[in-house]
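Trainee: Here the sequence shown stands for residues 1 to 70, where the numbers follow the UniProt record's numbering. From the three backbone atoms N, C-alpha and C, an ideal C-beta is built for every residue, glycine too. Predicted model only: the values in this text are computed from it and were never measured. Once you've had a glance at the structure underneath, I'll fire off some questions.
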Amino acid sequence: MTTITFQLEKLTCPSCMQKIIDNVNELTGIETIKNLFDRSKARVVFEDNKISEEEILHKIEEIGYSAKKI
């Protein structure tokens with residue numbers, strides 16, 4: 001398992017974070033995603049033999065949010 005944290009664009013409502021969580025959780029290989037809404041961050045635990053950091057980042061951007069690995 002690999003853990004990464006993404007800094008997200010400033011989120012203005014909890015439903016924005018929930019949208020990110022729901023979409024990332026649909027990806028194969030995601031173990032958990034932790035909501036750090038108050039800091040606009042998401043911590044993702046995933047199986048790196050099934051999915052890459054780039055694929056997770058692409059999914060976040062695909063639904064309309066900017067993010068970067070920190």
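Using C-beta distances below 6 angstroms, list every residue in its chain close to Ser-40, excluding the 5 sequence neighbours before and after it, in chain order.
Mentor: Leu-8, Lys-10 and Leu-11
Trainee: Restricting to Cα atoms, I'd like to know which of Lys-34, Ile-63, Lys-50 and Glu-62 is closest to Ile-4.
Mentor: Lys-34
Trainee: Starting from Lys-34, trace the alpha helix (DSSP H) in both directions and tell me its first and last residue.
Mentor: Note, Lys-34: premise wrong, no alpha helix (DSSP H); beta strand (DSSP E) at 30 to 36.
Trainee: Under 8 angstroms by Cβ, that's how I've got Phe-37 and Met-17 pegged, so tell me the actual separation to the nearest angstrom.
Mentor: 5 angstroms
Trainee: For Ile-4, write down the residues that DSSP places opposite it in a beta bridge.
Mentor: Val-44
Trainee: Sort Glu-26, Met-1, Ile-56 and Asn-49 by Cα distance to Ala-42 and report the nearest one.
Mentor: Ile-56
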